[in-house]
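This report concerns only the one structure given below.
Residue numbers (this note's numbering): 1 to 313.
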């Protein structure tokens with residue numbers, strides 16, 4: 001079998017992480033998908049590369065030789081790509097679906113050399129950001145995706161998970177009786193009207209509908225708004241509720257609360273295309289640090305994060 005470069009990267013990632021689950025998170029894949037890939041490689045090679053155990057995976061003697069050769073090939077490929085790169089650019093265009101760029105852009109401007117420009121584009125739809133990456137309008141993007149309703153990035157776009165679990169909060173009027181609770185049960189919102197962004201990632205509404213269906217009701221989508229401030233003001237009137245970014249800061253008559261059991265769940269990925277004018281490792285580090293810092297702006301999210309929060313360093 002002539003292993004493709006992507007197969008070599010899969011094997012090296014599993015060997016380095018010592019765990020299918022951790023390697024899947026690093027590669028932006030689901031655990032079953034990565035398991036199936038490794039099994040196909042092993043069947044084709046006719047030899048076991050890894051031995052599974054409760055503690056993770058261990059490389060077999062055959063696998064150790066294969067991984068050593070894979071590392072050599074990958075290093076040579078990386079050297080070849082570096083030597084063929086065009087002249088470096090002095091700007092990067094970043095995309096984001098939410099609030100994180102407001103912290104990431106000024107931080108990058110401090111980290112990068114003087115004169116290096118950082119430009120930004122915000123779009124709530126993950127599919128729109130991915131399309132802009134594939135057409136060259138963005139160099140990298142912070143993609144807010146929906147677990148079980150993920151947006152495929154397609155060929156030519158690299159992707160890594162930064163925050164493997166981001167809860168979806170609910171926005172309610174601060175005068176709403178439920179605003180007095182630290183956590184809101186989705187079932188208690190069965191009679192509420194919802195306001196949604198028709199241009200948002202459709203996975204959010206699909207996930208909300210699925211979660212409500214499991215509780216035996218359909219969310220009443222009564223209002224639409226593609227204007228974030230307008231939607232927030234409407235929630236503040238008490239006429240509706242909305243799904244919300246957990247990084248949102250309370251005020252202007254609106255409270256943000258987590259949902260019991262996190263029935264609607266997302267994750268934060270970094271996606272980029274090559275050649276990326278800023279090393280993806282630097283982008284990931286800045287996003288990680290700024291996300292942790294922004295968590296602390298919200299008491300509700302800080303409480304949630306203390307119990308369940310995780311970023312992949």
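All C-beta atoms in this analysis are idealised placements derived from N, C-alpha and C, irrespective of residue type, glycine included.
{"Asked": "Alpha-carbon spacing of residue 162 relative to residue 218, whole angstroms", "Found": "32 Å"}
{"Asked": "Proximal residues to residue 15 (C-beta, below 6 Å), its chain only, five neighbours per side dropped", "Found": "59 and 67"}
{"Asked": "Cutoff 7 Å; reference residue 243; Cβ partners in own chain excluding five residues on either side", "Found": "168, 170, 204, 208 and 264"}
{"Asked": "Residue 125 versus 178, 112, 116 and 141, residue with shortest Cα-Cα distance", "Found": "141"}
{"Asked": "For residue 254: DSSP bridge partner residues", "Found": "173 and 251"}
{"Asked": "Secondary structure of residue 25, DSSP reduced to three states", "Found": "helix"}
{"Asked": "Whole-angstrom distance between residue 34 and residue 282, CA atom to CA atom", "Found": "26 Å"}
{"Asked": "Coil, strand or helix - residue 7 by DSSP", "Found": "helix"}
{"Asked": "One or two residues paired with residue 121 in a DSSP bridge", "Found": "95"}
{"Asked": "Cβ shell of residue 174 (< 7 Å), same chain only, five flanking positions each side left out", "Found": "253, 254 and 255"}
{"Asked": "Nearest to residue 309 (by Cα), restricted to the options 221, 267, 279 and 228", "Found": "267"}
{"Asked": "Beta carbon of residue 189 nearer than 8 Å to that of residue 211", "Found": "no"}
{"Asked": "For residue 198 and residue 62, the rounded distance between their alpha carbons", "Found": "53 Å"}
{"Asked": "Contact set for residue 41: own chain, Cβ-Cβ below 6 Å, skip 5 residues either direction", "Found": "7"}
{"Asked": "Residue nearest to residue 145 in terms of C-alpha spacing, selected from 134, 136 and 123", "Found": "123"}
{"Asked": "Rounded straight-line distance, which links the Cα of residue 12 to that of residue 70", "Found": "7 Å"}
{"Asked": "Any 3 or more C-beta pairs closer than 8 Å across the region 18-31 and the region 147-161", "Found": "yes"}
{"Asked": "Residue 261, buried or exposed, once every other Cβ within 10 Å from all chains shown has been counted against 16", "Found": "exposed"}
{"Asked": "Continuous beta strand (DSSP E) stretch holding residue 188: start and end", "Found": "Careful: residue 188 lies outside any beta strand (DSSP E) and carries neither H nor E."}
{"Asked": "Beta-carbon spacing of residue 94, residue 133 below 8 Å", "Found": "no"}
{"Asked": "Residue closest to residue 105, alpha-carbon to alpha-carbon, out of 286, 303, 293 and 300", "Found": "286"}
{"Asked": "Backbone secondary structure at residue 59 - three-state DSSP", "Found": "strand"}
{"Asked": "Per-residue burial, residue 148 [other beta carbons within 10 Å of its own, 16 or more giving buried]", "Found": "exposed"}
{"Asked": "Inter-residue Cα distance where the pair is residue 300 and residue 43", "Found": "48 Å"}
{"Asked": "Residue 294 to residue 247 span [Cα, whole Å]", "Found": "7 Å"}
{"Asked": "For residue 216, the three-state DSSP class (helix, strand or coil)", "Found": "coil"}
{"Asked": "Cβ shell of residue 77 (< 7 Å), same chain only, five flanking positions each side left out", "Found": "5"}
{"Asked": "Pick from 172, 216, 113 and 278 that is closest to residue 234, judged by C-alpha positions", "Found": "172"}
{"Asked": "Beta-ladder partner(s) of residue 193, from DSSP", "Found": "220"}
{"Asked": "Rounded C-alpha distance that separates residue 32 from residue 232", "Found": "39 Å"}
{"Asked": "Contact check, residue 297 vs residue 221, beta carbons under 8 Å", "Found": "no"}
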